[in-house]
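Written out below as structure tokens is the structure these notes cover.
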Amino acid sequence: MAEQSGGPTGPGSRLPATTDDREAQTHAFADPSAAPRHAAVVADEAPTSRLRSASGDDSGPSAAADSSDVASGWTIVDPATKASLTSASSEGVSSTSPATPAADPAAGPAEDGTASTPPAIEVVNLHKRFGDNVAVENVSFSVARGSILALLGPNGAGKTTTVNMLCTLLKPDGGSAVVDGHDVTTDAAGVRRSIMLTGQFAALDEALSGRDNLILFGRLMGLPRAAARSRADELLASFELTAAAKRKVGEYSGGMRRRIDIACGLVTQPSIVFLDEPTTGLDPRSRQEVWKLVESLRRQGVTTLLTTQYLEEADTLSDHIVVIDKGRVIASGTADELKAATGASHYQVTPTDPDDLHRLLGCLLASSDTGTPGISSAEIPAAGGPDEVATFVTVPATAGADTLVEIVQRTKDAGIRLSDVALCRPSLDEVFLALTDPANTTAAAPTSHDDQSPAR
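If you count by the working numbering, then the sequence shown holds residues 717 to 1172, one letter each, in order.
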């Protein structure tokens, strides 16, 4: 993926410089008239900073990197940076509240007569090709404001390519996408003013402390020194990093680095956040810390789109899940909807005496004298291997608790003692495997777009 962004990035945005080298991520401004592609500003009170001003001193918003810094992702900027920062600041970027777009007149009135709120992200038949390889094919979905959508799929499914198009790092070959009321093709600068993107690799200066990194990005986003310091302290407290504020980022753990990386992108409080596999490579404790962070964003009304390979992550965090495989949306819905579509819940009924297994099956299959609909069918599942023996009977939980009552009553009347009755619900793992298994041709799941059919 060698294509590069066609323009600079924006306040509230954290965008990689290229899509084929995510470790070279950097941060810059949105409006092409507002700033150069990459602007380097000395963090206030940053004695370990590797950046210096163009005039050779360490003061003022206009700064440049020396030649040793170019290799680390910074490029030299001219004294016009100061004017650029002023221009960016004067565009109305707020340091205290997320950007709020104007109501969309095309959205029409809601049922109660008020103007309905358009989705934060609307994607229709998005398409991207690299040579003969179709990376994204007719992808459609929408994200409600203030919600969390998980884009779930295996490696190479097209998740990152989709996110890069929504963040204006890649130009779509077809279809349309609107982010926070801005078309990604015709109004890239508007999109970048409203978003933050955190990629799979942290975009931090490891020689600076956590606080200095936050101040640095605050200054890059056009905040005055006092505002940048105040915002940095606010984010450190919010992310539970105050105790580590003065430590160099290079000494941080993986979870701390990820948290400070996300915090840097929230300096200007964007209204939409993109997190590309935010917990990849983190240990379970660090993953939980990032999850708490994402949930706090939802409580603040921030819209979040995250890509992930972790099914538990999608199940725990998301309000809505879009499953993508081989560049196509193959299913979408809530976690419960996807689970229900893949397979119903069932009871596993295990007799105390294994010799009673077939008698138990006959008992459960017998017609009910009371005519209750608690049990519709029952079966002994096939053994998993030649050395394995089935030990239980499965009964679909078609009537919920009534099915359990019927199981207990029938086995009691038949004198069959049970060692266990377990309710088994389909997991998101089973959903994912059923949907992405090449041998599977029958799995279906709810989708919010009629034109999205399984790519099988």
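A virtual CB, placed ideally from N, CA and C, is assigned to each residue, including glycine.
Out of the options, point me to the one whose CA is closest to residue i's CA.
i, options, result
"P986", "D977, G997, L1013", "L1013"
"G890", "G934, N854, G981", "N854"
"S1048", "R845, I931, L867, A860", "L867"
"F955", "L936, R975, A1106", "R975"
"Q1016", "F857, H843, R861", "R861"
"G1116", "A1130, H1062, L1134", "H1062"
"A1138", "D1129, I1132, A1113", "A1113"
"E1005", "G971, D992, V1105, T996", "G971"
"I978", "E967, L957, A942", "L957"
"V1121", "E1146, L1080, E1104, P1067", "L1080"
"W1007", "E1029, T1024, D992, T996", "E1029"
"T876", "D921, A851, L865, S863", "A851"
"T1024", "T902, Q916, I1096", "Q916"
"D1145", "T1119, D921, P870, S856", "P870"
"V895", "L885, V839, R947, A948", "V839"
"A1130", "L1009, H1074, H898, D899", "H1074"
Could you tell me the distance, in whole angstroms, from the CA atom of residue i to the CA atom of residue j?
i, j, result
"N841", "S892", "7 Å"
"Y1026", "T878", "18 Å"
"F1148", "A918", "28 Å"
"T1110", "S1092", "11 Å"
"R973", "C883", "23 Å"
"K1174", "T1127", "Coverage of the chain is limited to positions 717 through 1172, which leaves residue 1174 absent and any answer about it impossible."
"M881", "G847", "17 Å"
"S969", "R945", "23 Å"
"A836", "L1151", "27 Å"
"P961", "L932", "The amino acid occupying residue 961 in the given sequence is Ala; Pro does not appear at that position. When rounded, the distance between both Cα atoms is 13 Å."
"L930", "A959", "15 Å"
"V859", "N849", "27 Å"
"P940", "T1050", "43 Å"
"A819", "P834", "Residue confidence for A819 is low, a pLDDT of 40 falling below 50, so the modelled location carries little weight; the figure read from the coordinates is stated next. Their Cα atoms are separated by approximately 7 Å."
"G874", "A904", "21 Å"
"I864", "A1082", "47 Å"
"V907", "V1105", "59 Å"
"K844", "D992", "18 Å"
"S887", "T901", "Here residue 887 is Lys; the residue named in the question, Ser, does not match the sequence. Near 7 Å, if we compare the C-alpha coordinates of T901 and K887."
"L767", "A923", "Its pLDDT being 31, under 50, L767 is placed unreliably by the model, and nothing is read from it."
Please confirm whether residue i and residue j have their CB atoms less than 7 Å apart.
i, j, result
"K1055", "P1142", "yes"
"V965", "G926", "yes"
"V1038", "I1046", "no"
"D1072", "I1123", "no"
"F1108", "T1068", "no"
"L1077", "A1094", "yes"
Under three-state DSSP, which class holds residue i?
i, result
"I1096", "coil"
"S925", "strand"
"M937", "coil"
"E1011", "helix"
"T1119", "helix"
"L885", "coil"
"G890", "strand"
"F917", "coil"
"V758", "Interpretation of V758 is limited by its pLDDT of 35, a score under 50 that renders its predicted location unreliable; the figure taken from the coordinates is listed afterwards. Looking at V758 - three-state DSSP - the assignment turns out to be coil, as it is neither helix nor strand."
"G1131", "coil"
"F1148", "helix"
"V1124", "helix"
"K844", "strand"
"L962", "Here residue 962 turns out to be Lys, not Leu, going by the sequence shown. K962 falls in the coil class under three-state DSSP."
"T901", "coil"
"A1138", "strand"
"S954", "helix"
"S910", "helix"
"E1029", "helix"
If we define contact as Cβ-Cβ less than 7 Å, is residue i a contact residue for chain B?
i, result
"A959", "Among the chains of the structure shown, chain B does not appear; only one protein chain is present."
Comparing the CB of residue i with every heavy atom of the ligand PLP, is any distance shorter than 6 Å?
i, result
"L913", "The ligand content of the structure shown is nil, which means the ligand PLP is not present either."
- Task: Determine, using beta-carbon pairs with one atom in the segment 1031–1038 and one in the segment 1003–1020, whether at least three such pairs fall under 8 Å.
- Result: Between the segment 1031–1038 and the segment 1003–1020 there are three or more C-beta pairs closer than 8 Å, enough to call the two in contact.
- Query: Can you find at least 3 beta carbon pairs, one from the segment 965–983 and one from the segment 898–914, that sit closer than 8 Å?
  - Reply: Result yes; three or more Cβ-Cβ pairs closer than 8 Å.
- Is it a yes or a no for the segment 998–1006 touching the segment 934–944, going by three-plus beta-carbon pairs under 8 Å? The segment 998–1006 makes no contact with the segment 934–944, as fewer than three CB pairs between them are under 8 Å.
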